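Written below as C-alpha cells is the structure these notes are about.
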Amino acid sequence: MVYPIVKFGDPVLEREAEEVTEFDTPDLHKFLDDMFESMYAHKGVGLAAPQIGISRKIAVIDVSNGEKPEDKVVLINPMIVKVDGKQEGEEGCLSIPGFREQVKRGRNVTIRARNVRGEVFEQTAEDLLARAFLHETDHLYGKLYITHISALKRDLMKRKIKKLQRAGDWS
Ligand code: NI
C-alpha cells in the first residue's frame, strides 16, 4: 500500500517518534513493505515513518532508487554513533516538495540501529548514504533538514510555503 506523504506544517514531523518495542511481527513486516513501496512511488531515496503520519522510529533508505536490492536499508530505533569529515550538497525532502537547499553534513557516518528482527547492527557509510542516515535519523527526532540551513533561507522558505498553503497548493 502506498501511503500519502505528510507535508511540512504537520506537527507529526516535528516531534520525536516513539521507539519500536515489538519486532518480527507480521504487522512490522507489512509496514516495512509499505514504507518501501511508498518511498519508491514518491521517488524518494529515504522515508521516515512520521512522513506517512506514523510516529514510530522506523526509516527505510535505498540510494539506488530500487536498482540494487542490496542497497535497501531498514533502520529501526537508529542512533548516530560517529560522524567524521564534511560534505556539502543539495538536499530535499518528500515532506517539503519543490524545495532543495545546500546542506552541510558529515561525510563518514556510523549508525547503530535494529533490523526487522530486533537485532542491533552498526553500519558505516559515506557520501550520499551517510547523508541519508543523518537526514532520516533527524526525522525520527522531529528534525527537518531546514534546521541545518541559515535562518534567513529557512524563513524565506517558510514564507513561500505559507503562500502555497493559502493558495491551497500544499497539503
Ligand atoms: Ni526527509
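What the sequence shown shows, in our numbering, is residues 745 to 915, in sequence order.
From the three backbone atoms N, C-alpha and C, an ideal C-beta is built for every residue, glycine too.
These numbers come from a predicted model, not from an experiment.
Cross-strand partners of residue i (DSSP beta bridge)
i	result
residue 792	803
residue 820	802, 858
residue 868	854
residue 833	847
residue 760	Per DSSP, none; premise fails for residue 760.
Cβ shell of residue i (< 8 Å), same chain only, five flanking positions each side left out
i	result
residue 852	826, 827, 828, 829, 868, 869, 870, 874
Supposed contact pair residue j and residue i - C-beta distance, whole angstroms, cut 8 Å
i	j	result
residue 777	residue 789	Contact flag wrong, Cβ pair sits at about 18 Å.
residue 832	residue 889	Contact flag wrong, Cβ pair sits at about 13 Å.
residue 897	residue 845	6 Å
residue 860	residue 771	About 11 Å; that fails the 8 Å criterion.
residue 796	residue 847	Going by Cβ atoms, the distance from residue 796 to residue 847 rounds to 23 Å, so no, they are not a contact pair.
residue 752	residue 894	17 Å between Cβ atoms; not a contact.
residue 800	residue 756	Contact doesn't hold; Cβ gap of about 11 Å is too wide.
Simplified DSSP state of residue i, which is helix, strand or coil
i	result
residue 769	coil
residue 910	helix
residue 919	This structure gives no information on residue 919, because the portion of the chain shown stretches from 745 to 915.
residue 845	strand
residue 828	strand
residue 783	helix
residue 748	coil
residue 888	coil
residue 812	coil
residue 754	coil
Same chain, Cβ closer than 6 Å to residue i, neighbours up to 5 away in sequence not counted
i	result
residue 781	746
residue 858	820, 821, 864
Short CB-CB distance (under 8 Å) between residue i and chain D
i	result
residue 864	The question asks about chain D, but that chain is absent: this structure has only one protein chain.
Cβ neighbours of residue i in the same chain (closer than 7 Å, five flanking residues each side left out)
i	result
residue 883	792, 794, 795, 803
residue 878	824, 849, 850, 853
residue 810	784
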